[in-house]
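Comments concern the structure below.
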Amino acid sequence: MAFEESIYHGTWKIVECVSLAGVVETTGIEGTEFRLDENGDVIWKVSDDAEPMLFFTCETYEITPSTGSGGHGDSALLKFIGTYAGHVIEFKAEVTDDLMLLTYPQCCMLQCQKISSNDPKEDVPYSYISAFEQGFFSDLSIKADTGKEFPVHSVILRLSLPELNWTGDPLPLSRLPEDVLRTALHFVYCECLPVGLSEQTARACIKTLGKMPGFTHFAELCETFLKNTALKQQIQTLISDMHTCGDRIIELFSGRAGAGGTDAMMDGSLWNNPAKLCYTVRQGLKEAAVASAKLLLLCDLFSKRKCELSKQERHEIMKQAKARMPIFLKQLHKLLTVLKQQSQSLTVQQRYDVASYLVPEIETILDTVSRFANETKVALEQVISSSNAERPDRSERADKHEKGEKSKRGNIGDVLGRTLKNALHMRELKKLKRFHDKTTASFAHLMHRKQSFCQMSEADKVRAISKYLEQLVDELPVTVMRLEELIGALEQKIPWSEWKYLFKMATSKVSWGLSKVLSNRSSLQPMIDEVCDIVRSDQFSADLRTLGLRSDAMESSQDGATSMDSSRPIRTKYAQLNAVESLCVSPFPPDSRLAGRALDLLRKGEGTDMVFEIMSAGDGGDIVIDHTGDKPVASVEGGGVDVDRIPCHRVIVAARCDWFRRALLSGMRESIDRKITVHDIQPALFRLFLEALYSGQLDTGGLSTEQLVDMMTLCDRYEMDGLKLTCEHALKLHVDEDTAIYLLSLADHLNCTSLQEHTLGYIASHPQLAQSELFEDLPDKLKEDVDDAIAWHGLVGQRGKEASSTMDMTPSSVSSVSEMEELVSNMDIGDRLPGQELSSSMSSEDLHLMENEEMLDSCLSALRDIVGEAVPREELVRVALAADYDVNRAVNYFFFSS
């Protein structure tokens, strides 16, 4: 079976953990949900009391087909790519129907149940936004302090805020500030905040309504909005500060800014004044250091607090960073252009003067860099030593010794957590050791260069530096040109999906590196302090204090956002699957209080103002609908009429269904009588349809194939696309030999693409269905689709067998492969692609003289349907002759040779 990644998409729940011995054990992670979407994102919903696992912090996943698996169902490798230091946690995944088994080697297996797929079903936000915006069927009005009146609906007010009295005078919420009232009513109708909400209005909402009954969740959303807004503004400020640093560097090297920001235009260029050039380089490096500190803050801030933002808000930040990337590159391009322009006029004497001035500077720099390199090497050795001493398995053994009998039970969840920690810890050690090896090699190379430079005479030092300057000047134009190419191709080379992954990975790696520095701060503190002394920037020092890298920051900084110890993954409860995924998006029906209360209201029949009449034939009767007039007219032949009435609420029905809204607002009979008549449907099924309309959900588990067909037809009639897709998805499970042809015809009639593709696939794997009487009743277009599907299915199956036989290399398979190669060799097409011209060994005129023209034409016609019109006829003739007019063999020969 071909590998299909789509079967892994959807929301899964961990239901149990099984040890390798086959024993089911309680781990504390049961009930955890994760969603694998088609964009490569994994979103976790972890309960507060769940046992923390390292893969809970992963936000990206990758699925690759596994080789040599012998399990049932589809098998693959599911890699959770961690934003914690970029770790990859790999499970073997096997999917059978709606179950997925995740196996971690030599540890345990996690059994997961699919609770929803990625098929667009009922996952549509639940709200009454159209009723709020258009005000149809309103029966109340709430006046703001400005005198503006908002038409509202008592039914929805009672659904959303049953704690308040909506029969008194004045009504609750009256005389509130207009912006506060509009925001509050938007929440009443949508259970979310409006797009474009200002911070001032959010604060006013908290102050005015924060303690009012029924508005607790509203106040929490406003507080979260303010916190997230502050976080986004902080990130935006950091990006803006980095741009400012870039502009200052450009100004410094262009000669437009000097000490203290005063004008310092010089005659010629910076190269005329070596002292000024060195000063400018120092100032530029200082600005670069400040920008680097801002970048560290940005990465650490996003990595630590991204769980507080919704998926939409995180994407906004990443999109802004992507949009800013060309601006940063253009700043770099401008800087290099300035340096190129100024260095092009550099004479030999000027280069010699600059080199002479730089000799003592470079000697000082070499001493400083050598000292830093040596201290870094020693610090890395200490970090590796301490990390090795803090191996998770050792700490686990210590914990077991302290906890005693409680830990002797050997909880498989502890085993999994410990196994993952050990695996990731070993990867960290390897990463640190590789970095240590590179640092050691670089240090040795640096010491060799320093020794060689120090042994030179003064004149040789000047000449060497002068030569380096000359190389730098020569390379600047090439660097500028390459940067221009990069800017031009940035959008094509880094699409959004790849940028999203790179941004997450980069920020997490930076955050991980900072955590290692923080955990070994005592060893690195002298180096950090010396860097601050060299840079001599209050802003740079303040940023390091915010990061917790200065000695006086650990006691004073209590901001968990940036200075917390991140030496291990942060345990968070991701909110993306909770009641409100985004603050400005209504909840999905399962999480909506309005949906549940609306369903109860329908069943109780309270406060109704319209009715549905379901006309059904009595015993022995039959309903006949006349479509000849302007409107369908129903009549009963051969019996009486049974009428079932279901009272409903106009505003809910109109807000949830566009078709009913048009009917109730049309001014026609339905709107005047407040009655909609329904024909040709079972009353019980239509009541279920109304319950789905009110609640936004449809439980298809107990419905038969016939009921699902009637429900999907009903949804199509009344334009309920979400419920229609739910039925379409459910009907896929009802496709069998008895229903496949009928459901294919129905899917084509109702334009259900997903169901049609599914039934075509089923019929292709059961080609005998094409011989049934029902098949003959299909339209010609569907018959052609079925024939094509059967042909391709046979082709794929045959090629799969050939590939399997080739891999097994049994004597019979070797014989068949050799026979295939011999046939291809005889056809002389092994070195040609389909579509290339025929060799001169056989002309088209010779081919027309062949015998069995009728069999040849039949085979060519079948081949043409499979391979398309682009392949020359002569090519197909060769293949057909080699296969002795057998279509299946001819198809195999064609694709084998190509």
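Numbered by the working numbering, the letters in the sequence shown go through residues 398 to 1295 in order.
Yeah, the Cβ is synthetic: ideal placement off N, Cα and C, and Gly gets one too.
If you're wondering where the values come from, they're calculated on a predicted model, not measured in any experiment.
If you follow the alpha helix (DSSP H) that R702 is part of, which residue opens it and which one closes it?
Where R702 is concerned, the enclosing alpha helix (DSSP H) stretches over 671-702.
Could you give the first and the last residue of the continuous alpha helix (DSSP H) run that contains E1125?
Unbroken alpha helix (DSSP H) run through E1125: 1118-1128.
Would you call M1012 buried or exposed, if buried means 16 or more other Cβ atoms sit within 10 Å of its Cβ?
Classification for M1012: buried.
Please determine if the segment 671-691 and the segment 772-783 are in contact, where contact requires at least 3 C-beta pairs separated by less than 8 Å.
Result no; under three Cβ-Cβ pairs closer than 8 Å.
Taking K708 and I440 to be in contact with their CB atoms under 8 Å, please state how far apart those CB atoms are, rounded to whole angstroms.
About 7 Å separates the two Cβ atoms, so the contact holds.
Less than 8 Å between the beta carbons of S524 and C602, yes or no?
No, these two residues do not count as a Cβ contact at 8 Å.
In three-state terms, what does DSSP make of F985?
Coil, per DSSP.
Can you list, in chain order, the residues of its chain with a C-beta nearer than 8 Å to that of V877? Leave out the 5 residues immediately preceding and following it.
H730, L733, T734, K737, listed in sequence order.
When burial is assigned at 16 or more other CB atoms within 10 Å of the CB, is S919 buried or exposed?
With fewer than 16 other Cβ atoms within 10 Å, it is exposed.
Should L869 go down as buried or exposed, given a rule of 16 or more other Cβ atoms within 10 Å for buried?
Looking at its Cβ environment, which holds fewer than 16 other Cβ atoms inside 10 Å, L869 is exposed.
Relative to the C-alpha of R555, which residue among T543, G544, K545, L568 is closest?
Minimum Cα distance to R555 is reached at L568.
Could you give the C-beta distance for F488 and L499, rounded to a whole number, given that I count them as a contact under 8 Å?
Contact holds; Cβ gap of about 4 Å.
For the structure I just gave you, are there three or more beta carbon pairs, one from the segment 841-854 and one from the segment 693-706, closer than 8 Å?
Judged by Cβ distances under 8 Å, the segment 841-854 makes no contact with the segment 693-706, as fewer than three pairs qualify.
Helix, strand or coil for L1235 per DSSP?
Because L1235 sits at a pLDDT of 37, beneath the cut-off of 50, its placement in the model cannot be relied upon, and the point is left open.
Sorted by chain position, which residues of the same chain lie with C-beta nearer than 8 Å to D1184's C-beta, five sequence neighbours on each side aside?
The answer, listed in chain order, is A1167, D1262.
Got a sec? Which residues, its chain only, sit under 8 Å from Q1153 by beta carbon, not counting five neighbours each side?
Taken in chain order, the residues that qualify are L1141, A1144, D1145.
Count the CB pairs spanning the segment 1053-1071 and the segment 984-992 that are closer than 8 Å, and state whether there are at least three.
Output reads no: the segment 984-992 does not touch the segment 1053-1071.
Could you please give the first and the last residue of the uninterrupted beta strand (DSSP E) stretch that includes G407?
Counting along the chain, the beta strand (DSSP E) containing G407 begins and ends at 407-416.
Just to confirm the assignment, what range does the alpha helix (DSSP H) spanning M497 have?
Here M497 belongs to no alpha helix (DSSP H); instead the beta strand (DSSP E) covers 496-501.
Taking Cβ to Cβ, would you say L1171 is nearer than 8 Å to S1092?
Not a contact, by the Cβ cut-off of 8 Å.
Pairs of beta-carbons, one from the segment 921-935 and one from the segment 717-730, closer than 8 Å: are there three or more?
No: the two stretches stay apart, fewer than three of their Cβ pairs being nearer than 8 Å.
Leaving out the 5 sequence neighbours to the left and right, which residues in its chain are closer than 7 Å to F584 when beta-carbon positions are compared?
Closer than 7 Å at Cβ, skipping near neighbours: L590, F615.
Return helix, strand or coil for M450, following the three-state DSSP convention.
M450 falls in the coil class under three-state DSSP.
Could you have a look at D566 and say whether DSSP puts it in helix, strand or coil?
In this structure, D566 counts as coil in the three-state DSSP scheme.
Could you check what DSSP says for Y1282 in three-state terms: helix, strand or coil?
In the structure shown, Y1282 sits in coil (DSSP, three-state: anything other than H, G, I, E or B).
Return helix, strand or coil for R572, following the three-state DSSP convention.
The answer is coil: DSSP assigns R572 none of H, G, I, E or B.
Which whole-angstrom value is the C-beta distance of V1008 and F534, which I expect to be below 8 Å?
Rounded, the Cβ-Cβ distance is 15 Å, inconsistent with contact.
Out of P723, C696, E530, I724, which one is the CA nearest neighbour of R711?
The option with the nearest alpha carbon to R711 is C696.
Can you tell me whether DSSP reads T461 as helix, strand or coil?
T461 falls in the strand class under three-state DSSP.
Quick one, are the C-beta atoms of P574 and D542 less than 8 Å apart?
Contact: yes.
Quick check on the burial criterion: 16 or more other C-beta atoms within 10 angstroms. Buried or exposed for C981?
Buried is the call here.
Counting along the chain, where does the beta strand (DSSP E) carrying R942 start and finish?
Here R942 belongs to no beta strand (DSSP E); instead the alpha helix (DSSP H) covers 935-944.
Between the C-alpha atoms of Y405 and F1086, what's the straight-line distance to the nearest angstrom?
So the two alpha carbons sit approximately 30 Å from each other.
Under the DSSP definition of a beta bridge, which residues are partnered with C587?
Looking at the DSSP assignment, C587 forms no beta bridge with any residue, so it has no partner.
Below 7 Å CB to CB, which residues in the same chain sit around D402 once its five sequence neighbours on both sides are set aside?
It is worth fixing the name first, because residue 402 is Glu in this sequence and not Asp. Taken in chain order, the residues that qualify are I460.
So is W409 buried or exposed if we call it buried at 16+ other beta carbons inside 10 Å?
Buried, since its Cβ has 16 or more Cβ neighbours within 10 Å.
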